[in-house]
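Participant:
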Amino acid sequence: MPVNEIDHLLNSDRFSFDLTELRAKYKKERDKRIRTEGNEQYVEVKGDFSHYVDDPYIDVSLERKPLTDEVDALVVGGGFGGLLAGARLRQAGVKKIRLVEKGSDFGGTWYWNRYPGAMCDIESYIYLPLLEELGYIPKEKYTKAPEILEHSRRIAEHFDLYSDALLQTQVTEARWVEADKNWRITTNRDDEIRAKYLVMANGPLNRPKLPGIKGIDKFQGHTFHTSRWDYDYTGGDASGGLSKLKDKCVGVIGTGATAVQCIPHLGAAAESLFVFQRTPSSVDVRANQVTDTNWVKTLTPGWQKRRMENFNTLVSGGYEKEDFVQDGWTEIFRNLTGVLPPEGYEAIPKNKLYLATELADFEKMEKIRSRVDSLVRDESTAEALKPYYRQFCKRPCFHDEYLETYNLPNVTLVDTAGKGVAEVTSRGVIVDGKEYELDCLIFATGFEVGTSYTRRSGYEVIGQNGRRLGKKWEKGPTTFHGMHSAEFPNCFFMGFIQTALTPNFVHLLLEQSKHIAHLVHHAEKNKIGSIVASQAAEDEWCATIKRLAKSGEKFFRECTPGYYNNEGKADEGYGFIQNSYGGGPVEFFQILENWREQGDMDGLILE
Ligand code: NDP
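Start counting the sequence shown at 7; every next residue gets the next number (this note's numbering).
1) Can you tell which of 247, 288, 478 has the C-alpha that lies nearest to the C-alpha of residue 273?
2) DSSP three-state call for residue 499: helix, strand or coil?
3) Say whether chain D places a C-beta atom closer than 8 angstroms to the C-beta of residue 128.
4) Output needed for residue 607: all residues of its chain with C-beta closer than 6 angstroms, excluding positions within five of it in sequence on either side, in chain order.
5) Going by C-alpha distance, which of 79, 491, 49, 122 is nearest residue 220?
6) Using only CA atoms, which one of 397, 232, 505 lies nearest to residue 374?
7) Check whether the Cβ of residue 259 lies closer than 7 angstroms to any heavy atom of the ligand NDP, and answer yes or no.
8) Identify the continuous beta strand (DSSP E) that holds residue 480 and give its terminal residues.
9) Looking only at DSSP bridge pairs, what is residue 125 linked to?
10) Give the C-beta separation of residue 195 and residue 72 to the nearest angstrom, bearing in mind that I take them to be a contact with Cβ-Cβ under 8 angstroms.
11) Assuming residue 201 contacts residue 107 under a Cβ cut-off of 8 angstroms, what Cβ separation, rounded to an integer in Å, is found between them?
12) Report yes if the C-beta of residue 234 is less than 7 angstroms from at least one heavy atom of the ligand COA; otherwise report no.
13) Can you say whether residue 492 is buried or exposed, counting buried as having 16 or more other CB atoms within 10 angstroms of its CB?
14) Please work out which residues of its chain come closer than 7 angstroms, Cβ to Cβ, to residue 146, disregarding the five sequence neighbours upstream and downstream, and give them in chain order.
15) Taking contact to mean at least 3 C-beta pairs separated by less than 8 angstroms, is the stretch 226-235 in contact with the stretch 425-434?
16) How would you label residue 66, buried or exposed, when you count the other beta carbons within 10 angstroms and need 16 or more for buried?
17) I need the DSSP call for residue 8, collapsed to helix, strand or coil.
18) Could you give the uninterrupted runs of the beta strand (DSSP E) lying entirely in the stretch 152-216, keeping only those of 3 residues or more?
19) Can you find at least 3 beta carbon pairs, one from the stretch 153-167 and one from the stretch 112-126, that sit closer than 8 angstroms?
20) With burial defined as no fewer than 16 other Cβ atoms inside 10 Å of the residue's Cβ, what is the status of residue 161: buried or exposed?
21) On the three-state DSSP scale, how would you describe residue 269?
22) Is residue 569 near the ligand NDP, with its Cβ less than 7 angstroms from a heavy atom?
23) Kindly indicate the opening and closing residues of the beta strand (DSSP E) around residue 442.
24) Does the count of Cβ pairs from the stretch 526-543 and the stretch 235-246 closer than 8 angstroms reach three?
25) So, is residue 258 buried or exposed, given that buried needs 16 or more other C-beta atoms within 10 angstroms?
26) If you draw a straight line from the C-alpha of residue 405 to the C-alpha of residue 301, how long is it?
27) Would you call residue 25 buried or exposed, if buried means 16 or more other Cβ atoms sit within 10 Å of its Cβ?
28) Using the DSSP secondary-structure output, state which residues sit across from residue 230 in a beta bridge.
29) Ordered along the chain, which non-local residues of its own chain (more than five positions away) have a Cβ less than 6 angstroms from that of residue 260?
30) Which residues share a DSSP beta bridge with residue 598?
31) Between the alpha carbons of residue 164 and residue 140, how many angstroms are there, rounded?
32) Is residue 293 near the ligand NDP, in the sense that its beta carbon is under 7 angstroms from a heavy atom of that ligand?
33) So what does DSSP say about residue 311, is it helix, strand or coil?
34) Check whether the Cβ of residue 426 lies closer than 7 angstroms to any heavy atom of the ligand NDP, and answer yes or no.
35) Any heavy atom of the ligand NDP within a distance shorter than 7 angstroms of the CB on residue 285?
36) Sorry if obvious, but does the Cβ on residue 86 come closer than 7 angstroms to a heavy atom of the ligand NDP?
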């Protein structure tokens, strides 16, 4: 029946678009953006460019002498990954936990990204972890960056992670010492720490990137990357009020999730603002709300886990009787069930599934595009702001002031028709032969993806037999369950490395930290010296990842270029989400749970 239903729908007047025409338009827009120049479209932030990653929040009171000692577990990274690993290890009875963090405080991405308007567009009640354990309820449905940073500190304090933390410290190398069955970790402060367990929570998007635009080093005005916002120059703070820009002509390169959040503040403050766009983001309704205290009273124990799982199931295309979160993320799947009969899309034959999701997606994106028309007065600006690609080809954005900013007389959208800025000069930037003179040029150009793991983490990891992780993962990560790699004992990876992708990244981190704590607890209870993945288990997991990735290949091939699909070259390498577990997060979390329940540590060598 569903087959006929879909065919019937196609021939009905339900859809305002012509399927063939829209597909052709998507393809045309995509092809316009495919670049042939390869990876040099980005400049590595080092050498002359290294000031772009200077820490604006240095705390001189953290200066200290080098340290030499031994701990039970060393966790690299003080973002939610490191914090959750620390919390769960603490709960598993691990005494000496040392977190090493580059910044002067915990918070990870929220430590660095303090740009005006920074907020999280995943619902706060599922994004901020451990709410029940810490007895905290976020102030709003979508939390702002300062509240997230505060919550990071709350977790660190609650689980006593500050006392042994090494802040403002960067790991320079981690080397496994087989004779001692521990890791020897060195840092840029000449510390030497031995640790039985090493947890790597470096973060997936931690290394800012700059576009490889000709002349990028020539600009003589002021410039910075959004992840190192220069409030000394702009004035104001994360809530806006950038008063020092009132006589400044500002340019922004990039229109991704970060730009969407900071552009309204720049538009409100700068004398003039030019936004240089290569690909428009899809910008849906935000509809933030203050937390309803009556709703809070209705919450019963276990509510946060249930809410996270409900969201996770829905955004993975699964069925839930009720949609707890009810927002733009889950809407596309509510949409889908609206396109189909009540039996739900699980009943759709496999050969019609792609078409069914495509239809729901097209319908959704038509609404996103008509939202642009309803909010942006100038017709050609509105047209340029319309995204013509499948919604999850790029990270969807949600904002209630972004599009309206283009109605301000001092704000100009410079659409580069998919080409990007042609050249940077000493005075400004050139697009289509025209020079735009600027006082300040802000790079909202995102973070490195697809470069090697050790380059992004900033240190080499040397396992058994002198095996270097950088070399081993030259062609991409190879793991067992995304968390272990053969020849790297007692070393656990966190994040999107051959694990499942979920928009609520913190949910994945929670599951991973639970898993790591389970492994460590098992090892300690049974007096096991080292845990390492067998080569066979790793090979099997890699084969599973590869096999399941097939189902997403068509989707990514057709997508507009971006870091999700290796900048449109999906066949040549892995994008951010292509090397993940294709069965989705619900299945992946279940695999981990079943594995723990099975209890035989299958796939691991214990010594
Ligand atoms: P993105 O990588 O998403 O965006 C970078 C932007 O820079 C894109 O618009 C890109 O254009 C543009 N760009 C890159 N090179 C050039 C060039 N040569 N010329 C012109 N434009 C160029 O980075 P963001 O910092 O916006 O976001 C990074 C990630 O951080 C997000 O995907 C999201 O996961 C996360 N984030 C999450 C938020 C949340 O609410 N939870 C909020 C903000 C960020 P093009 O699209 O054409 O490549």
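Backbone N, C-alpha and C fix where the C-beta goes; we use that ideal spot for every residue, glycine too.
Here the structure is a predicted model, which means the values were calculated and not measured.
Facilitator: Taking the coordinates as given:
1) 247
2) strand
3) Any reference to chain D falls outside this structure, which holds one protein chain only.
4) none
5) 49
6) 397
7) yes
8) Boundaries for residue 480: no beta strand (DSSP E) harbours it, and the DSSP string shows neither H nor E there.
9) Answer is 150, bridged to residue 125.
10) 6 angstroms
11) The Cβ separation is near 15 angstroms, so there is no contact.
12) The ligand COA is absent from the structure shown, which contains only the ligand NDP.
13) buried
14) Leaving aside the five residues that flank residue 146 on each side, the residues in its chain whose CB is nearer than 7 angstroms to its CB run, in chain order, 130, 294, 295, 296, 297.
15) yes
16) exposed
17) Bear in mind that a pLDDT of 47 at residue 8, under 50, signals an unreliable position, so the number given afterwards is only what the model happens to contain. Three-state result, residue 8: helix.
18) 177-183, 188-193, 198-206
19) Contact holds: three or more Cβ-Cβ distances are below 8 angstroms.
20) buried
21) helix
22) yes
23) 440-443
24) no
25) buried
26) The C-alpha of residue 405 lies about 24 angstroms from the C-alpha of residue 301.
27) exposed
28) 448
29) 450, 451
30) None; residue 598 has no bridge partner.
31) 8 angstroms
32) no
33) helix
34) yes
35) yes
36) no
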